[in-house]
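Notes follow once the structure below has been shown.
Protein chains: 4
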Amino acid sequence: MSRVDNNLSSIVEEIADEMKSRPDRGDVATYIPELANVDPDCFGLTVIDAHGEVFSGGDSDMAFSIQSISKVFTLTLALGIVGDRLWRRVGREPSGNPFNSIVQLEMERGVPRNPFINAGAIAVTDVLVSGHQPREALGQIVRFMQFLADDASIGIDHAVAASEKRTGFRNTALANYMKSFDVIENLVDFTLGVYFHHCAIAMTCRQLAMAGRYLAHSGRNPTTGLSVVSPERARRINALMLTCGHYDGSGEFAYRVGLPGKSGVGGGIFAIAPGKASIAVWSPGLDKSGNSHLGRIALEKLTKRTGWSIFGA
Amino acid sequence: MSRVDNNLSSIVEEIADEMKSRPDRGDVATYIPELANVDPDCFGLTVIDAHGEVFSGGDSDMAFSIQSISKVFTLTLALGIVGDRLWRRVGREPSGNPFNSIVQLEMERGVPRNPFINAGAIAVTDVLVSGHQPREALGQIVRFMQFLADDASIGIDHAVAASEKRTGFRNTALANYMKSFDVIENLVDFTLGVYFHHCAIAMTCRQLAMAGRYLAHSGRNPTTGLSVVSPERARRINALMLTCGHYDGSGEFAYRVGLPGKSGVGGGIFAIAPGKASIAVWSPGLDKSGNSHLGRIALEKLTKRTGWSIFGA
Amino acid sequence: MSRVDNNLSSIVEEIADEMKSRPDRGDVATYIPELANVDPDCFGLTVIDAHGEVFSGGDSDMAFSIQSISKVFTLTLALGIVGDRLWRRVGREPSGNPFNSIVQLEMERGVPRNPFINAGAIAVTDVLVSGHQPREALGQIVRFMQFLADDASIGIDHAVAASEKRTGFRNTALANYMKSFDVIENLVDFTLGVYFHHCAIAMTCRQLAMAGRYLAHSGRNPTTGLSVVSPERARRINALMLTCGHYDGSGEFAYRVGLPGKSGVGGGIFAIAPGKASIAVWSPGLDKSGNSHLGRIALEKLTKRTGWSIFGA
Amino acid sequence: MSRVDNNLSSIVEEIADEMKSRPDRGDVATYIPELANVDPDCFGLTVIDAHGEVFSGGDSDMAFSIQSISKVFTLTLALGIVGDRLWRRVGREPSGNPFNSIVQLEMERGVPRNPFINAGAIAVTDVLVSGHQPREALGQIVRFMQFLADDASIGIDHAVAASEKRTGFRNTALANYMKSFDVIENLVDFTLGVYFHHCAIAMTCRQLAMAGRYLAHSGRNPTTGLSVVSPERARRINALMLTCGHYDGSGEFAYRVGLPGKSGVGGGIFAIAPGKASIAVWSPGLDKSGNSHLGRIALEKLTKRTGWSIFGA
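Chains as they are written, first to last, in the numbering used here: chain R, 18 to 330; chain U, 18 to 330; chain C, 18 to 330; chain F, 18 to 330.
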């Protein structure tokens with residue numbers, strides 16, 4: 018059995034200190050121009066344990082663009098609205114490799130492989146748009162994040178949203194392609210508009226770790242006692258994060274870190290240790306799979322020192 | 018939190034009884050002619066807890082062809098021999114969809130995506146063959162299974178091995194394809210011969226659950242205290258089982274069952290609950306992804322009643 | 018050597034009569050709603066020989082939507098503007114199968130395989146849009162068709178163009194996908210707008226056969242003597258029509274008909290017999306590859322009776 | 018009309034002289050070790066006109082490995098045996114890109130796209146093996162080549178055949194893969210053995226041009242009057258050569274040369290000008306698509322000077 022160091026406070030600080038000074042920092046995403054301006058030296062880490070105690074290190078109170086991490090929360094919302102009918106429009110299997118996004122859409126007639134690849138997340142967003150004006154649908158998502166994090170200051174970085182909209186030709190291609198198979202119900206521009214904006218939500222590590230506590234604790238916030246989803250649904254969202262949460266680096270993340278998590282190209286990673294902690298880490302430099310380079314290393318160190326891997330001590 | 022019923026004995030019995038009588042049993046694999054002869058009414062289940070106590074139900078002492086489950090053990094052996102150099106020849110990512118086996122081999126120049134798809138398992142077997150006669154390599158694998166299960170009666174069903182060899186054109190294609198990229202070092206016939214034979218190892222649920230206990234308990238048998246692999250390697254093999262252990266039904270298995278596991282087309286599934294139990298289930302009828310239909314349902318019921326899901330209570 | 022019947026007039030009439038009454042007529046395209054309204058009983062055929070003599074049968078003076086046949090003429094125009102630089106943006110190889118359109122775009126970084134698949138034709142249209150307002154670019158294309166056919170009455174069916182624009186999600190996907198690789202220079206909406214409109218040009222068989230005479234006669238109209246392209250360029254456009262002109266039925270068309278040609282989902286086919294004739298045929302019902310069912314059969318009969326196959330007498 | 022220079026004798030000589038001395042010679046194939054030993058400075062060209070007059074230049078009497086060019090003749094034989102039933106086992110469409118060989122086999126359930134890609138040619142060879150011992154089947158092929166070329170000295174280069182057999186893992190993969198779909202009827206080793214050997218037939222340019230005269234002249238040798246196939250079948254084989262004869266460089270060959278032809282990795286190209294000539298060219302260096310670099314250039318010069326392009330003067 019691996020030695021477990023329970024002094025979370027010092028673990029978090031030591032990891033943050035080490036990460037702040039490492040020379041290997043990955044490459045900041047450039048395909049969304051606004052994201053390219055972020056300082057690659059940033060590093061933040063927040064761990065919130067089962068008692069609600071918050072352990073933070075580094076730039077844990079700097080807001081960053083959560084990008085694809087938002088997909089965990091839009092999935093939670095969409096499941097609340099349509100339940101298991103969601104799975105008619107999106108699958109639950111890992112996507113395999115980067116080519117698959119669109120190759121697979123062609124073979125499987127417009128049904129994306131899982132809700133965490135871009136195509137799948139656009140299909141999930143489309144569920145939230147149905148019956149609403151885009152502005153309303155987006156408001157609902159933002160208020161959900163504010164509610165979960167108990168922080169009304171959370172909002173959208175409109176410069177990032179506009180930047181993504183101007184350059185998001187590939188996502189526009191995916192959405193139109195799904196529309197050609199009737200997998201998208203609403204106007205492509207409406208659904209994409211909401212998608213680009215919820216990806217542009219800005220949050221700090223602290224806010225993000227707070228917002229995701231329900232997934233670490235059987236679907237509810239253990240401090241307030243408020244239930245967000247059923248225990249079974251929380252487990253299932255966690256299973257999806259484990260198998261599909263890191264693009265084509267999902268296997269690698271499970272292998273090295275051993276926690277369910279979701280990354281975003283803004284450099285953030287949200288992860289949970291079931292029953293133990295909700296975790297958010299941020300470092301803008303990415304590895305070749307598009308996941309935060311130091312974020313992943315920090316989480317690997319964290320699970321080693323805490324023994325939190327879901328795959329055994 | 019879900020209610021956990023700790024009376025394992027009655028849980029196992031009740032599940033086995035229910036499964037024995039269910040009318041929906043899936044379809045017995047026909048592509049290996051010998052496997053088509055197995056009685057679809059069979060159902061066996063064995064759970065061995067951390068104290069070594071054995072709970073069994075149904076046909077848990079009937080031997081079946083473990084098929085792809087053997088890949089967990091050949092992976093363990095190969096990692097023991099070449100360590101992380103193994104990953105030069107095989108990846109660690111889910112394969113996405115059934116087409117990928119060979120499409121992906123073409124795109125990634127003969128390197129299979131993970132050690133649990135057929136191509137990857139053949140590459141792993143090739144490691145075991147290097148420096149040996151095929152007969153020796155095979156003997157080593159069988160003795161490893163006997164050692165792990167503490168049962169010298171475990172052996173190979175030669176009729177199944179011969180049947181697979183006669184009809185294994187697709188595996189022969191995969192092996193030759195990898196050979197064309199120099200991913201296979203030995204004579205294709207040698208490596209395939211060993212592969213077909215270790216897939217034809219016959220074991221009971223009881224033997225299989227016993228053999229796999231090291232993966233549930235940080236790399237060692239908690240009863241004998243003998244260490245098989247390091248705790249880190251055990252966690253990593255478990256992570257691979259979770260993300261890649263059930264062909265293109267791996268996401269579904271994680272979503273519904275929430276345990277690392279490996280299935281075989283003989284209808285067996287091996288799974289572990291970290292720190293808690295080693296589990297083997299067998300029912301010959303398969304679902305459309307090639308995994309045991311009732312085996313998966315039985316494990317889903319087991320994790321629900323025990324609260325063993327690695328994704329939360 | 019096959020017997021050649023030089024009485025073109027009776028050959029054309031007999032083929033048209035037989036085709037008008039055949040019960041097997043294929044299926045009218047439904048994916049562009051406006052096209053679904055066309056009467057499947059229509060059949061027209063025009064052959065113009067080297068002396069400019071016109072032989073027509075059936076509904077050769079009814080206008081139909083030329084759709085993809087327009088790609089031959091936009092290619093001619095684009096080569097006139099940018100010459101061989103065009104081939105930096107589009108390839109010259111057959112596309113293989115219907116899946117390839119988008120799979121291949123992914124593998125080859127947004128460069129379409131040839132100018133006659135949709136993606137390639139959109140890239141060609143983009144060349145015509147550069148430096149112009151969409152309306153100007155479209156005007157240039159229409160005037161080119163009027164000039165070639167010596168008929169100022171040729172125009173666009175705006176109902177078809179609007180219908181295609183409303184439902185052209187797949188083409189919108191392709192264009193955005195290429196834009197993400199910088200293969201499209203102009204605003205996607207501009208280039209697609211021109212594309213949808215030039216596909217909606219309406220012409221009769223007589224007009225179409227007249228317009229394409231330059232390809233049958235070394236790049237120039239043998240009656241007026243006006244040169245449209247060089248002899249080498251005419252040969253090369255013909256080669257592209259032969260290898261790529263009929264989607265994934267191009268091999269079949271070469272095998273059965275043996276003439277360079279280009280089909281459209283409106284049911285038209287334009288073909289040439291080098292040095293001998295310019296041909297247009299129209300019947301709205303399509304085969305499974307999207308080519309006119311009776312159009313192809315009529316051309317097969319025509320080449321058999323005339324001995325015009327480019328592959329030998 | 019382009020100016021045609023009828024002095025074939027001087028054209029052939031001038032082209033051969035120029036090619037002998039050009040510095041750009043492509044790269045000799047290395048994947049079959051025996052082929053790597055061929056002198057890259059070799060160049061041979063033979064043209065036989067409709068009267069049977071032979072025009073040769075360079076090393077036109079040196080034998081080379083015809084490799085894939087043999088597929089034209091095995092296709093002719095197989096069509097003679099099973100007729101159009103052949104098309105149940107192999108398609109008639111271009112294969113698109115190099116990836117397609119095996120990807121496409123997976124999607125289309127083991128039916129190769131055309132008889133000139135390796136998989137398709139193996140399926141054609143399988144037809145010739147059925148009902149025979151491999152040795153007999155091979156004898157039949159060799160005697161057919163001897164008959165067509167009227168030269169009993171034509172034989173197999175056994176060193177090349179053995180070399181290909183030792184290293185032909187990819188072809189072994191393809192054959193086993195098709196066997197798994199029942200597209201191959203005979204023992205894989207038998208069919209592959211015959212395939213490897215007929216690819217290793219050695220011929221000179223003169224012999225090859227002689228052997229293929231029937232394809233230039235409506236299915237029969239115009240000098241002896243002996244009919245090999247019907248005019249329609251000759252045209253159809255020519256159409257297949259045009260659309261599929263040069264791997265994924267088929268479109269390029271049609272575009273630049275404009276003649277039906279078939280290349281081999283030994284550096285030979287066989288081509289015909291319908292009604293006019295049978296042509297063989299050989300230069301061992303290949304371009305990136307695997308076709309003879311100088312061979313293609315020589316043919317491009319030949320069609321320019323003779324006006325023989327099937328796509329117009």
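Cβ atoms here follow ideal geometry from the backbone N, Cα and C, with glycine treated the same way. These figures come from a predicted structure and were not determined experimentally.
Start and end residues, beta strand (DSSP E) containing residue i
i	result
A290(C)	G285 to A290
G278(F)	G278 to S280
Helix, strand or coil at residue i according to DSSP, with G and I counted as helix
i	result
V200(R)	coil
S27(C)	helix
V55(F)	coil
S82(U)	strand
F328(C)	coil
D41(U)	coil
S112(U)	coil
I139(U)	helix
R130(R)	coil
Y212(R)	helix
E123(C)	helix
From the options, residue whose alpha carbon lies closest to that of residue i
i	options	result
K37(R)	D76(R), A67(R) and V99(R)	D76(R)
T260(R)	M79(R), E110(R), R106(R) and L62(R)	E110(R)
H234(U)	V274(R), I171(R), T240(R) and I327(R)	I327(R)
I83(R)	I314(R), S247(R) and V177(R)	V177(R)
G302(F)	I314(F), L243(F) and I173(F)	I314(F)
E31(R)	E51(R), D44(R) and L62(R)	L62(R)
For residue i, the residue or residues it bridges with in DSSP
i	result
R237(F)	S244(F)
D66(F)	A294(F)
S73(R)	T63(R)
M220(F)	F81(F)
G172(R)	A219(R)
S180(C)	DSSP, once it has assigned bridges, lists no residue as partnering S180(C).
S309(C)	L303(C)
First and last residue of the uninterrupted alpha helix (DSSP H) at residue i
i	result
G268(U)	S267 to R273
S300(C)	Per DSSP, S300(C) belongs to no alpha helix (DSSP H) and is neither H nor E.
V99(C)	S87 to V99
I158(C)	P151 to A166
8 angstroms Cβ cutoff met for residue i and residue j
i	j	result
C59(R)	S300(R)	yes
A179(R)	I65(R)	no
V141(C)	K196(C)	no
F207(C)	P151(C)	yes
G74(U)	V146(U)	no
R187(C)	Y212(R)	no
I289(F)	N238(F)	no
R250(R)	L96(R)	yes
K324(C)	S309(C)	Per the sequence shown, residue 324(C) should be read as Gly rather than Lys. No; because the gap between Cβ atoms is not below 8 angstroms, this pair is not in contact.
F161(R)	L257(R)	no
A138(U)	T91(U)	yes
I171(C)	M124(C)	no
S1(C)	Y272(C)	Beyond the ends of chain C as shown, which are 18 and 330, falls residue 1(C); an answer cannot be given.
S247(C)	G236(C)	yes
P129(F)	G100(F)	no
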